[in-house]
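So the structure is just underneath, and the comments pick up after that.
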Amino acid sequence: MLKDRQTNRTLWIQRVIIGAGLILIFQTGWLQLVDPTYGQKADRTTLVRRTLYPGRGLIMDRTGHLMVHNIPVYDLKVIYNQVPKNIDTALLCKLLEIDKASYMERMEKDWKSLRYSKSIPFDFMEHIPASKFQYVQEYLHLFPGFYGELRSARGYFENHSAHILGYMSEVTHLVIFVAQQV
57 MLKDRQTNRT LWIQRVIIGA GLILIFQTGW LQLVDPTYGQ KADRTTLVRR
107 TLYPGRGLIM DRTGHLMVHN IPVYDLKVIY NQVPKNIDTA LLCKLLEIDK
157 ASYMERMEKD WKSLRYSKSI PFDFMEHIPA SKFQYVQEYL HLFPGFYGEL
207 RSARGYFENH SAHILGYMSE VTHLVIFVAQ QV
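Going by my numbering, the first residue of the sequence shown is number 57, and it counts up by one from there.
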C-alpha cells in the first residue's frame, strides 16, 4: 500500500514536471515563431533606419536656361551613446561656427520622450553647406558618434523663382496617361 502511494506520487511529480516543461517549450516556440512583438522590439533596438533622399531633376525653361538646380547640403547626425565625455567641443564648435551653449542645447534632448533614444542617431545640425562641411569632414574622425549625411536642396538662379514655380512634384504615369486621353 505504501509502495503504491509512493509510485503514484512519483508519477504525479513526473507528470507535473513534464507538463511544465511542455508548457515552457510551447510558450518559447510561440514567442519566437508566431508572436511578432519581440521581433519588432529587437528590430527597433538593433537596426538603424536611414532615410534615402532621392536625387531631384534640373528644371530648364523653354530656351534651355537653367532655372532650378540642386545644391549639396549635409546634415550632421550624432549617436549620443557613442560620443565620449572628453570630446574636444572647442574644436567642434569652431568648425561649425557655434558656441558652447548652442552645442549643449543641441546635445541635450528629452530622453524620456519616445522620439529620442541615446542609441539612435538624431540631427545635430541641418543644412550645412558643402563648402563649410568640407572642413568639418576633415576632423570628423576626432568626433566619434558624429557623421554627415548628404542631401540636396533646391537652388534658384532668381530670388523670386520659388514663389513663381510653387510646389512641384514628379509626374506619375497615371497623370501622363490621363493627359494623353484628353
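Even for Gly, the Cβ is constructed at its ideal location relative to N, Cα and C. Since the structure is predicted, the reported quantities are computational estimates derived from the model, not experimental observations.
As a quick exercise: from the options, pick the residue whose alpha carbon is nearest that of residue i.
i	options	result
Trp-167	Gln-193, Gly-204 and Asn-137	Asn-137
Leu-108	Leu-206, Met-181 and Glu-153	Leu-206
Leu-196	Lys-165, Lys-133 and Val-227	Lys-133
Leu-198	Thr-93, Leu-87 and Asn-142	Asn-142
Would you grab the beta carbon distance between residue i and residue j for me? Rounded to a whole angstrom, and I think it's under 8 Å.
i	j	result
Ala-218	Ile-127	Contact flag wrong, Cβ pair sits at about 13 Å.
Val-268	Pro-200	Because the chain here runs from 57 to 238, residue 268 falls outside it and cannot be looked at.
Val-192	Leu-152	7 Å
In terms of residues, what are the limits of the beta strand (DSSP E) holding residue i?
i	result
Leu-132	122-134
Suppose the cutoff is 7 Å on Cβ atoms and the five residues either side in sequence are ignored; what does the same chain contact list for residue i look like?
i	result
Lys-174	Tyr-136, Asn-137 and Trp-167
His-241	It is not possible to answer for residue 241, since the shown part of the chain is limited to 57 through 238.
Pro-140	Pro-200
Which residues in the same chain have their Cβ closer than 8 Å to the Cβ of residue i, if we skip the five residues on either side of it in sequence?
i	result
Thr-145	Lys-156 and Tyr-159
Cys-149	Asp-155, Lys-156, Ser-158 and Tyr-159
Kindly indicate the opening and closing residues of the alpha helix (DSSP H) around residue i.
i	result
Glu-161	156-163
Leu-170	Run containing Leu-170: none; DSSP gives neither H nor E here.
Only counting the same chain, and skipping five residues up and downstream in sequence, which positions put a Cβ closer than 6 Å to that of residue i?
i	result
Ile-220	none
Whole runs of the alpha helix (DSSP H) within the segment 181-220, excluding any shorter than 4 residues
Taking 4 residues as the minimum length, the alpha helix (DSSP H) runs contained wholly in the segment 181-220 are 186-194, in order along the chain.
Jot down the residue ranges of each uninterrupted alpha helix (DSSP H) in the segment 64-123, minimum 4 residues, whole runs only, in chain order.
Here the runs fully enclosed are 93-102.
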